[in-house]
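Undergrad: Provided herewith is a single structure, encoded as structure tokens, for subsequent inquiry.
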Amino acid sequence: MANCDESTTTGVRRAQEEWGTVITVDVRDAIDERAVDACYAWFRRVDELFSTWRPDTEIMRIVAGTLAVEEASPEVGHVLQLCEDMRLESHGAFDVAVGAHPDVPRRLGFAPLDPSGLVKGWAVGQAAILLREWGAENFFITAGGDLVAFGRPDTSAPGWRVGVQHPWDRDRVAAVLEVSGRAVATSGAYERGEHVFDPRTGRPVSGLASVTVVGPDLAVADAYATASMVLGPDAGLRWLQTRVGYEGLAITDDHVVLTTPGIDRYRCS
Amino acid sequence: MRRATPALIITAVGLGAIASFRSSPGLPTTHSLKVATPRTSTTPAASTPATTTPATTPATAPSGSPSSTPTTTPATTTITGDPYDNQYGTVQVSVTLQGGKITDVQALQLPDSHQRSVEISQAVAPILRQEALQAQSAQIDLVSGATYTSQSYAQSLQSALDKSHG
């Protein structure tokens, strides 16, 4: 388990492997380090409830039919309701039951009911609430590319500078957004063999390499990004534009950047 | 949460046009809502809140059929707000509710250069910005990358950032 801890008089920074990815918590305020411990304890609890890689988690017992949703932990019921809200709001473009479609190929760790993408954003958002309760004001949490950022990195900057990963240039970014008190989620499929599937047809989607969504809630931003990927360059961006409080930046397969106009207030480049 | 917002305020696609509805203290102009085209019911408040449990029915993922008019979910009602004039023209939006929750907001009228109302599908497309993709090596604090199906790119860049700070 990778674990590097750096504690200074001005903050705490920790990067640790959880959920098969790296979660980084970076607090620039002088806070009690138990606040960061509590975040990682929360992430492990989320893993115990929602991991699709082990058969004993609540979500996998629900999939197996040995646990009713009503009997599950309240967090599980809450997340599944949020998933259903997002499915309705996106007219089926976001659907955590996409893996149940007969045309979607089966693969390891890919359950017929798989809220993993939304769960990660939701859990990071909850951890941000936890940190704020401990008095943190200037911090970010990122889990494999989905993030929340509050306050600012230091007194010289008005917000956090977030690079949007370039889909085909591993070491570069395609855009820079400056955010404070916002969540940023990116959905995409820019590795060979990786696909986002359309829950309505079971077919892999095409047209967009990635969609980045900025807004107040990371779980919602994540669902919006995924739904926009599925809806495609035209319908996806137009739908995203009608979502109140959320803005988007999409990169098409043919190397064009499409944005909703409101993204301008976050853009540095 | 945004669903608890008492007054819904929509900035219409960067034109500076704002439509406000429902009475709310602090908003100078308010417009009452009127039910225009109720699809299945005129009493949305009386309908049962959504109690759908996707976990128990994973196999019923929509397969080609539109999900906008399901028979088992609460009644869908579309409410049209009054048209609202501002310096750029007229703005009018509709809100779709299902079981008391907003499931969609559509702009019915938006100002255009000829002061005549246009459909959002026509108005929005040219307003979306387009530019060529560029690779940048800007000064950044953290990175957002695709994670739904692929994590290694973002991990790669984030780990580099972690190292740069460590």
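One line per chain: the protein sequences are Z and Y, in this order. Mind the numbering: the first sequence is residues 1 to 269 in our numbering, read in order. Mind the numbering: the second sequence is residues 1 to 166 in our numbering, read in order. No residue lacks a Cβ here, since even glycine has one placed at the ideal position from N, Cα and C.
1) Let me know if I129/Z comes out buried or exposed under the rule of 16 or more other beta-carbons within 10 Å of its beta-carbon.
2) Please confirm if A75/Y has its CB atom under 9 Å from at least one CB of chain Z.
3) Can you tell me which of the three DSSP states R14/Z falls into?
4) Between F50/Z and chain Y, is any beta-carbon pair separated by less than 9 Å?
5) Within the stretch 143-187 of chain Z, note down every full beta strand (DSSP E) run reaching 3 residues or more, in order along the chain.
6) Rounded to the nearest angstrom, how far is the Cβ of V36/Z from that of V25/Z, given a contact under 8 Å?
7) Cβ atoms of V214/Z and E247/Z: under 9 Å apart, would you say?
8) Could you please give me the residues that DSSP links to L142/Y through a beta bridge?
9) Under 9 Å, Cβ to Cβ, is there at least one residue of chain Y near A185/Z?
10) Which residues mark the beginning and the end of the alpha helix (DSSP H) in which A93/Z is found?
11) Spell out whether any CB of chain Y is found under 9 Å from the CB atom of I251/Z.
12) CB D253/Z to CB L208/Z, shorter than 9 Å?
13) For V36/Z, report the span of its alpha helix (DSSP H) as first-last.
14) So, helix, strand or coil for A36/Y, using DSSP?
15) To the nearest angstrom, report how far apart A136/Z and D222/Z are at their CA atoms.
16) DSSP state of P204/Z, grouped into three classes?
17) How big is the Cα-Cα spacing for R238/Z and E71/Z?
18) Smallest Cα separation from T76/Y: which of G262/Z, A185/Z, G145/Z and H91/Z?
19) Please report whether the beta-carbon of A127/Z lies at a distance below 9 Å from any beta-carbon of chain Y.
20) Please list the terminal residues of the continuous beta strand (DSSP E) segment that includes G247/Z.
21) Suppose you measure from the CA of L240/Z to the CA of T155/Z; what does that come to, to the nearest Å?
22) Let me confirm a value: S228/Z is counted as buried when at least 16 other C-beta atoms fall within 10 Å, else exposed. Which label applies?
23) Considering only the alpha carbon of each residue, which of P74/Z, H255/Z and P158/Z lies closest to R265/Z?
24) So which residues of chain Y does F140/Z contact, with C-beta pairs closer than 9 Å?
25) Among residues of its own chain, excluding the 5 on either side of T142/Z, which ones have a beta-carbon nearer than 6 Å to its beta-carbon?
26) Is any beta-carbon of chain Y found at less than 9 Å from that of T57/Z?
27) Give me whichever residues DSSP pairs with V214/Z in a beta bridge.
28) For V76/Z, I'd like the list of residues in its chain whose CB is within less than 8 Å of its CB, leaving aside the five on either flank, ordered along the chain.
29) Using 9 Å as the limit for Cβ to Cβ distance, is D47/Z near chain Y?
TA: Working from what's here:
1) Within a 10 Å sphere around the beta-carbon of I129/Z sit fewer than 16 other beta-carbons, which makes this residue exposed.
2) no
3) Reduced to three states, the DSSP call for R14/Z is strand.
4) False, the Cβ-Cβ gap to chain Y never drops below 9 Å.
5) Runs found: 146-150, 160-165 and 173-179.
6) Right, their Cβ atoms sit about 5 Å apart.
7) yes
8) In DSSP, L142/Y forms a bridge with V162/Z.
9) yes
10) Per DSSP, A93/Z belongs to no alpha helix (DSSP H) and is neither H nor E.
11) yes
12) yes
13) R34 to F50
14) Because the pLDDT of A36/Y is 34, which lies under 50, any placement of that residue in the model is unreliable, and the question is left without a value.
15) 24 Å
16) strand
17) Going by the C-alpha atoms only, they are around 39 Å apart.
18) H91/Z
19) no
20) For the sequence presented, residue 247/Z should be read as Glu rather than Gly. Per DSSP, E247/Z belongs to the beta strand (DSSP E) from E247 to T252.
21) 33 Å
22) buried
23) P158/Z
24) D141 and L142
25) T24
26) No, T57/Z does not count as interfacial toward chain Y.
27) V184/Z and E247/Z
28) L49, F50, E58, I59, I62 and V69
29) By this cut-off, D47/Z is not an interface position.
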